[in-house]
Amino acid sequence: MGIKSLKSPNFLKTTKINSKGQAALMDSLFFLVIVSAVCTTLFFFTVNYGKQLDSQINSFYSTDFAADTIKVVSYINVLRTGMSVYDADGLVELDYLLAMMKEDYGNKKEFSCKTKKAIASTFNSVLKPFSDSLDYAFYFVNKSEDRFLFLMMAIHECSDDDPEACVCYDNFNDPACKNYVSGGNNPPKISLTHYYCTPNNIRILDQLVFPYVGKVDKATSKFDFLDSSGRSVVFDAELAMWVTKDVPVLRDLKENKDFNCVPINFEEPCP
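Structural data, given as structure tokens:
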């Protein structure tokens, strides 16, 4: 008599069905994992692509423009008097702006009034397309010596001649401002004012301005100057631009304050 199998045909059939069900479930899980991975990859690709595209557009319009503006300092010809070329009358003496800066540093380790005014006039002309909406700072800094060789600030300010208009420009919903248009800006009310500044702390912009004005577009270049002894000193020339913001420290750019600034008068000739 042979030994009978303990597994009935029904049991084997049920086991086979269960195995197929488990295999189908595993296949489904693997499929879901693959689909999830593909969707996640596409999502991150889309997000990063948008960020990269935004960065490239911003670079084209802001950062690259800032870098090109600094290059102007190396190649442009200016009046030796420091005045704007548009105000020249009769015979004039021209020189490279970079040559004037190197000459001044070699003589006194600082820029003369004429060179400072030539720098200010140059940036005022080059950045004219952004004069309605951007503030900026241009400076030469030596971080090893912990000092600014030159710092110029260009800030939009309200005119003291019409303080009511300035208040209404910032807060046009005030009942006292019913005669003013939202965001209206006439030159006598809001103007771009240029300053020479001599702060003691070279990190003052990083501490008191840049964290509070939103996105800052920067461009940096290196300039090599020789002092009277022939020693080479490298300065970082930096241009920082930002959309005009109402920052408390920028409302008080006066002498003996944080930035220790004096306004630039483009009309007044240097002594």
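Under the working numbering, read the sequence shown as residues 2 to 272, first letter to last.
Even glycine gets a Cβ: it sits at the ideal position worked out from N, Cα and C.
Legend entry - CA-to-CA distance, Leu150 to Ser229, given in whole angstroms: Locating residue 229 in the sequence shown gives position 228, where the first residue counts as 1. Locating residue 150 in the sequence shown gives position 149, where the first residue counts as 1. Straight across, the Cα-Cα distance linking Ser229 with Leu150 is about 16 Å.
Inset, instruction - Give me the Cα-Cα distance between Thr70 and Phe131, rounded to the nearest whole angstrom. - result: Along the sequence shown, read from residue 1 onward, the residue named residue 70 stands at position 69. Along the sequence shown, read from residue 1 onward, the residue named residue 131 stands at position 130. Rounded to the nearest whole angstrom, the CA to CA distance from Thr70 to Phe131 is 12 Å.
Inset, instruction - May I have a chain-ordered list of the beta strand (DSSP E) segments no shorter than 3 residues that lie completely inside the segment 230 to 270? - result: As for any beta strand (DSSP E) of minimum length 3 sitting wholly inside the segment 230 to 270, the runs are 233 to 244, 262 to 264, ordered along the chain.
Inset, instruction - Rounded to whole angstroms, what's the CA-CA distance from Asp247 to Tyr213? Just pull it up for me. - result: As a working note, residue 247 is residue 246 in the sequence shown. As a working note, residue 213 is residue 212 in the sequence shown. Those two C-alpha atoms are separated by around 9 Å.
Legend entry - Nearest residue (CA-CA) to Thr274, options Glu239, Glu256, Phe267: This structure cannot settle anything about residue 274, because the visible part of the chain is limited to 2 through 272.
Legend entry - Which residues DSSP lists as bridging Glu158, in chain order: Translated into positions along the sequence shown, residue 158 becomes position 157. Bridge partners of Glu158: Ser192.
Legend entry - Buried or exposed (CB count within 10 angstroms, at least 16 for buried), Phe139: Counted from its first residue, the sequence shown places residue 139 at position 138. In this structure Phe139 is buried. Its beta-carbon is surrounded by 16 or more other beta-carbon atoms within 10 angstroms.
Legend entry - Residues that Asp218 bridges to, as DSSP identifies them: Taking the sequence shown and counting its residues from 1, the one referred to as residue 218 is at position 217. In the DSSP secondary-structure assignment, Asp218 is bridged to Met242.
Legend entry - Stretch pair the segment 193 to 203 + the segment 253 to 265: three plus CB contacts closer than 8 Å: Here the segment 193 to 203 lies against the segment 253 to 265, with 3 or more beta-carbon pairs under 8 Å apart.
Legend entry - Extent of the continuous beta strand (DSSP E) to which Val79 belongs: In the sequence shown, counting from the first residue as 1, residue 79 sits at position 78. Boundaries of the beta strand (DSSP E) harbouring Val79: 78 to 80, taken from the DSSP string.
Inset, instruction - State buried or exposed for Cys271, treating a residue as buried only when at least 16 other CB atoms are found within 10 Å of its CB. - result: What you label residue 271 is simply residue 270 of the sequence shown in a count that begins at 1. It counts as exposed.
Inset, instruction - Determine which residues share a DSSP beta bridge with Arg204 and list them. - result: As a first step, residue 204 must be located in the sequence shown, where it is residue number 203. In the DSSP assignment, Arg204 forms no beta bridge with any residue.
Inset, instruction - Can you grab the Cα-Cα spacing for the pair Glu268 / Val79, in whole Å? - result: By 1-based counting over the sequence shown, the position of residue 268 is 267. By 1-based counting over the sequence shown, the position of residue 79 is 78. In a straight line, the C-alpha of Glu268 is about 16 Å away from that of Val79.
Legend entry - Segment contact flag, the segment 214 to 229 with the segment 39 to 50, C-beta cutoff 8 Å, min 3 pairs: No, they do not touch.
Legend entry - Phe66 to Val250 span [Cα, whole Å]: Here the question's residue 66 lines up with position 65 in the sequence shown. Here the question's residue 250 lines up with position 249 in the sequence shown. The straight-line gap from Cα to Cα measures roughly 27 Å.
Inset, instruction - Buried or exposed for Ile35, please, with buried defined as at least 16 other CB atoms from any protein chain shown within 10 angstroms of its CB. - result: Here residue 35 refers to the residue found at position 34 when the sequence shown is read from its first residue. By the 10 Å Cβ count, Ile35 comes out exposed.
Legend entry - Three-state secondary structure assigned by DSSP to Leu152: Mapped onto the sequence shown, residue 152 falls at position 151. Leu152: strand per DSSP, three-state reduction.
Inset, instruction - Would you kindly check if the distance between the Cβ of Thr123 and the Cβ of Glu101 is under 7 Å? - result: The residue given as residue 101 occupies position 100 in the sequence shown. The residue given as residue 123 occupies position 122 in the sequence shown. Residue 101 is actually Met in this sequence, not Glu. The Cβ atoms of Met101 and Thr123 do not sit closer than 7 Å to each other.
Legend entry - Straight-line gap, Gly107 to Asp225 (C-alpha atoms, nearest Å): For the purposes of this step, residue 107 is identified with residue 106 of the sequence shown, where counting begins at 1. For the purposes of this step, residue 225 is identified with residue 224 of the sequence shown, where counting begins at 1. Those two C-alpha atoms are separated by around 11 Å.
Inset, instruction - Within the same chain, show all residues whose beta-carbon is closer than 7 Å to that of Ser134, passing over the 5 residues directly before and after it, in chain order. - result: Translated into the one-based positions of the sequence shown, residue 134 becomes position 133. For Ser134, the CB contacts under 7 Å within the same chain, skipping 5 residues up- and downstream, are Val244, Thr245 in chain order.
Legend entry - Where Cys40 falls, given that 16 or more other Cβ within 10 Å makes a residue buried: Taking the sequence shown and counting its residues from 1, the one referred to as residue 40 is at position 39. Exposed: under 16 other Cβ atoms inside 10 Å.
Inset, instruction - Report the partner residues of Asp147 according to the DSSP bridge assignment. - result: Taking the sequence shown and counting its residues from 1, one reaches residue 147 at position 146. Answer is none; Asp147 lacks a bridge partner.
Inset, instruction - For my contact list, Asn125 and His195 are in at a C-beta cut-off of 8 Å; report their separation, rounded to the angstrom. - result: The residue labelled residue 125 in the question sits at position 124 within the sequence shown. The residue labelled residue 195 in the question sits at position 194 within the sequence shown. His195 and Asn125 do touch by the CB rule: their CB atoms are close to 7 Å apart, below 8 Å.
Legend entry - Any C-beta of chain D under 7 Å from that of Leu193: Given the protein chain composition of this structure (a single chain), no chain D is represented.
Inset, instruction - Use the C-beta contact count for Asp253: other C-beta atoms within 10 angstroms, 16 or more gives buried, fewer gives exposed. - result: For the purposes of this step, residue 253 is identified with residue 252 of the sequence shown, where counting begins at 1. With a threshold of 16 other beta carbon atoms within 10 Å, Asp253 falls short and is exposed.
Inset, instruction - Mind reading off the beta-carbon distance from His157 to Leu206? Whole number of angstroms is fine, and I expect it under 8 Å. - result: Here residue 157 refers to the residue found at position 156 of the sequence shown. Here residue 206 refers to the residue found at position 205 of the sequence shown. Between Leu206 and His157 the Cβ distance is about 17 Å, and since that is not below 8 Å, they are no contact.
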